[in-house]
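Going line by line, the protein sequences match chains Y and D. Numbered by my numbering, the letters in the first sequence go through residues 1 to 685 in order. Numbered by my numbering, the letters in the second sequence go through residues 1001 to 1233 in order. Glycine included, each C-beta is placed from N, C-alpha and C at the ideal position. Remember, predicted model here, so these are calculated numbers, not experimental data.
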Amino acid sequence: MVTKLKGFSTNTLTRAAAFALALFFLALTIVTLYDLAFDIYQNEPEPEALFTPDYKDSNAYYRWIDDCLWEIRAIIAAGDPGSAAQQLTDEGVLFRVQDGEAVFTNAEGCSAADLTPSSDLWVAIDNGELTNHLRPGDSSDTFAFSALYADYYSDYSVFNRDGVSVQLFVPQSTLDEHQAHWEQSRGLLSRGLRQLALCAVPFVLLTVFLCVVTGRRPGDDALHAGRLDRVWTELLIAALITVIIFSVLLAMSGLENAFYRGFGFWSNRSVVLWLCGLILGTGYSLSMPLLLALVRKIKAGRFFRHSAVAALLRRIVRLCRSAAALFRGLFSGSAFYAFPFAEAVFRHRLSWVLGSLACALLFLFGLGSTAWFCTLAAALEILISWWYLQSDNQTLTDMTHIVEQIDRIAGGDLSWAPPIPPGSQLAPASRQLSDIGGGMQKSVEKQMQSERMKVELVTNVSHDLKTPLTSIISYVDLLSKVEGLPPEARDYVAILAQKSDRLKSLVYDLFELAKSTSGNMEMQCEALDFHRLVEQTLGEMQERIDQSGLGLRVSLADPPVTIWADGRKMYRVLQNIIDNALKYSLAGTRIYVDLTAQNGVALLTVKNTSGYEMDFTAEEITERFVRGDKARTAEGSGLGLSIAQSFTQACGGRLSVAIDGDQFKVFIRFDLYGANPGSRDSSAV
Amino acid sequence: MENPCVLVVDDDREINGAICKLLALEGIRTLQAFDGMQALDLLAQSSVQLIILDVMMPKLDGLSATMQIRQSRNIPILILSAKSEDSDKILGLSMGADDYVTKPFNPPELVARVRSLLRRYLTLGDVQRQSGTHSLTVGGLTLDTEARQLYVDGEPVHLTATELRIVDLLMRNPGRVFPAEEIYERVWGETAYAVENTVMVHIRRIREKIEINPKEPKYLKVVWGIGYKIERL
């Protein structure tokens, strides 16, 4: 039930309806207000009539009597009835004033006694003494103010003069007139106010309802912020007040025009009402979102927190706190934990500033008393400054040393230690730098040692493999020269010779590869013509090419195709690649050798059609010892392409392999040399 | 000429023995030493015409031995080492060795090199002295410019006219690298165009005639990607 009610009340539709209703009631209120105001403007009703049913009990009555007394005073003061008497007559009262011999009255022929009725109201003053004549039964105190005037206000002092006697008589008919107006006012006001309440109360209630349900949604208990909630509270309030004041002022000025210059346009009641309604409705529509945003902020407890003042205060508090923390830290030393070096500098500076301050005070003091103090202060100041500069200088020197040490470490001199005294604040830093240098030196040495060991390992293993192999080859050769061997033994020896030869080339290749991949190969790079290199290689291999029975299609870019490389190594590379092509090509196919030089890159492509199915990837084939399984029985170490790739890289080029069906392609890329021909002769053979 | 005597110095007894047998089969007398000191002793006692020297040996290594021998003797020294780096070869040759063969060696090649060195040491010296201004000499190569005849370690080698002109050109400028075009233009006397292959073929043929191991030429070298030259020895 409660949830249902909540769901209904927080519904958007309900809210829209409530808002529309509120606007409607606002319009009604304006109409009522206009009518009421118009009535008030025309009839000038006494508001007091609402609360006091009887005119004679009201303050208005007293004020009226007072006004009459004021006129009488004027008559006495002037010694002449003048316009005041006429005024009193118009008010409908009778009076008689006797000042000595002079008598002023608007009731000719009536004596003082005549104007002393038994039941009607009157006021009499004799020689300053007030006689209240109220209705029987009324307290006389309530009417005492005129007498007080007489006492305290000089204007009324005329009543206190000797021989002055005043009678003021209010006829019943006048009183009845007043009472009738009084009741009319009462009726008018109470009716107007009732109507007003009838319109305004629903308006207020609807507004309150909107405030209550704002931020809520059907289905959950959470408070949902609106877009305006992000605006600072002060801005919201300022905007709200501005809108309200603006619209109310506009509406008021419209009403004012209607009442005071009620002609033409402004005399038309409906036009004025439309205008006011429009202004106030707009104002309401504008102010409601602001008001609701404020209400939501209050609900969320963010009214103060999310305001410019609060933000400013928070910032100030934070600033103060950090400043306080800084000061605390500076004096407790905790601020220097991270910068141990700064502490000493700060202490030095602080003591110098404080010392100088003390000296200055001493100097001023000395000016007032003895010159001796002045001298002392100056001497002390010089001493303190000298001490400060001295220590500052030392710190600077140490810092320079540190910077130099860093420079040297960066430059590779890892062992240099700066001459920093051990007591200096920078001594630990320098020590740590030295430690870093030492660590680096150690690691460099270690690396060099491992590098050396690697080279030695390759050399030693190479030697250890080559020595027995030398014996094998030599004795196989000797064996082959032995006379009278049976034919099958000759075959065996031939096989031994062949295999030991292959072992030799394998060992050779292996160590070439080991050296080049460990970066220990001797390189003799020079500017050379790639075109010529390819031709020389092909020329060198002409015999083998002819034997293979494969066609060779060569298309080379015009020389020179200059690259920077080690010619012997690159010969080895080309030899391996062409060897590979000769070895694994399908009989009767052709090998294509293309060399292009474009965009600063020399690209050599060697293409052949494989005689075997290539069941490996381009990446695998350049790995060490990888050969197509089908090709494993063929000659070769299986290192050819690895060596080619490794050598090419060592020369600064790039070798890649592509497999496309039975097409096997090798690409060798080199940057064209020639941008710097000056270095051509530097290492030319 | 009596049988020459070769001193084989290697700490590996099997290799030492194999070399001796190989040389013996060729009719060359041998002496064995198993370290540098022993080699120097033997050298002082006996008459030796050539030394085959290993580098990595106990007591006194091959390079030090070479230096000591060179202080007093002018006999040919062939270094036989497992060290195959270019720098090792250059070091060995600059120490005073006459040839450098890497292990594992090809037996017939070793024998051929030994023969070549012996020939030069024993007979070529006279040729050198006898030939006057009409001969060019680079290492074991001697070109008689009058007779249009090339001698390798004193042995005459038959070259065609073109081959002879190439050798002549290269031998007159030992150490200088000639691009194929220049060789073609100077030897054939025609404008060179796409002649690399032609020149290469001739170079290969010359190499096969004058080199012991054409795959690892001693005299006529290819400077890859640049040209050809005859090494200054």
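Under the DSSP definition of a beta bridge, Y/Y592 partners with Y/R553, Y/K607. Classified as buried, Y/A27 has 16 or more neighbouring CB atoms from the shown chains inside 10 Å of its CB. One alpha carbon belongs to Y/A344, the other to Y/W352, and they sit about 12 Å apart.
The straight-line gap separating the alpha-carbon atoms of Y/A410 and Y/Y584 is approximately 53 Å.
Membership of D/S1135 in any alpha helix (DSSP H) is not indicated; the residue belongs instead to the beta strand (DSSP E) covering 1135–1138. Here Y/V601 has R669, F670, D671, L672 as same chain residues with Cβ atoms under 8 Å from its own Cβ, once five neighbours each way along the sequence are excluded. With fewer than 16 other Cβ atoms from the protein chains shown falling within 10 Å of its own Cβ, Y/G219 counts as exposed. The residue among Y/G439, Y/Y284, Y/P289, Y/V272 with its C-alpha nearest the C-alpha of Y/L255 is Y/V272. Residue state for D/L1031 is assigned as strand, using DSSP reduced to three classes. Counting the other Cβ atoms within 10 Å of the Cβ of Y/V606 gives 16 or more, which makes it buried. Positions of the alpha helix (DSSP H) runs, each at least 4 residues long and wholly inside the region 337–374 of chain Y, are given as 340–368 in order along the chain.
Neighbours of Y/R502 in chain D, taken as residues whose beta carbon is under 9 Å from its own, are absent, since the nearest beta carbon is some 12 Å off. The Cβ atoms of D/I1015 and Y/S462 lie no closer than 8 Å to each other. Annotation: the continuous beta strand (DSSP E) that includes Y/R669 extends over 663–671.
For Y/Q542, the enclosing alpha helix (DSSP H) has its first and last residue at 542–548.
From the beta-carbon of D/P1104, the residues of chain Y found nearer than 7 Å are K466, L469, T470, I473, K504. For Y/A658, the pairing in a beta bridge is given by DSSP as Y/K665. Apart from the 5 residues on each side of it in sequence, Y/A324 has no Cβ closer than 7 Å to any other Cβ in its chain.
A Cβ-Cβ distance of about 19 Å is found for the pair D/I1183 and D/V1157, leaving them out of contact under the 8 Å criterion. For the region 1002–1036 of chain D, the set of positions with a beta-carbon nearer than 8 Å to some beta-carbon of chain Y reads D1012, E1014, I1015, A1018, I1019, K1021, L1022, L1025 in chain order. Taking 8 Å as the cut-off, the beta carbon of Y/L280 is found closer than this to the beta carbon of Y/A251. Neighbours of Y/K499 in chain D, taken as residues whose beta carbon is under 8 Å from its own, are absent, since the nearest beta carbon is some 13 Å off. Interface with chain Y (8 Å Cβ-Cβ cutoff): D/D1099 is excluded. DSSP links D/D1144 through a beta bridge to D/S1135, D/Q1149. Taken through DSSP and simplified to helix, strand or coil, Y/T622 comes out as coil. Taking 8 Å as the cut-off, the beta carbon of D/L1050 is found no closer than this to the beta carbon of Y/D477.
When rounded, the separation of the alpha-carbon atoms in Y/L350 and Y/V243 is 57 Å. In its chain, beyond the 5 residues on either side, V1138, P1174, G1175 have a beta carbon closer than 8 Å to the beta carbon of D/R1232.
At a cut-off of 8 Å, the C-beta of D/R1204 has a neighbouring C-beta in chain Y. Spatial neighbours of D/I1203 in its own chain (CB-CB distance under 8 Å, excluding positions within 5 residues in sequence) are listed in chain order as I1166, L1220, V1222, Y1228. By the neighbour-count definition (other C-beta atoms within 10 Å, threshold 16), D/G1189 is an exposed residue. Counting of Cβ neighbours within 10 angstroms places D/P1104 among the buried residues, the total reaching 16 or more. Under the three-state reduction of DSSP output, Y/Y612 falls in the coil class, being neither helix nor strand. Counting C-beta pairs with one atom in each stretch, the region 561–571 of chain Y and the region 533–552 of chain Y have three or more that are closer than 8 Å, which means they touch. Y/E522 reaches chain D at E1085, D1086, S1087, counting residues in chain order whose Cβ is nearer than 9 Å.
Put simply, the CB of D/E1231 is far from chain Y, with every gap to its CB atoms at 8 Å or more.
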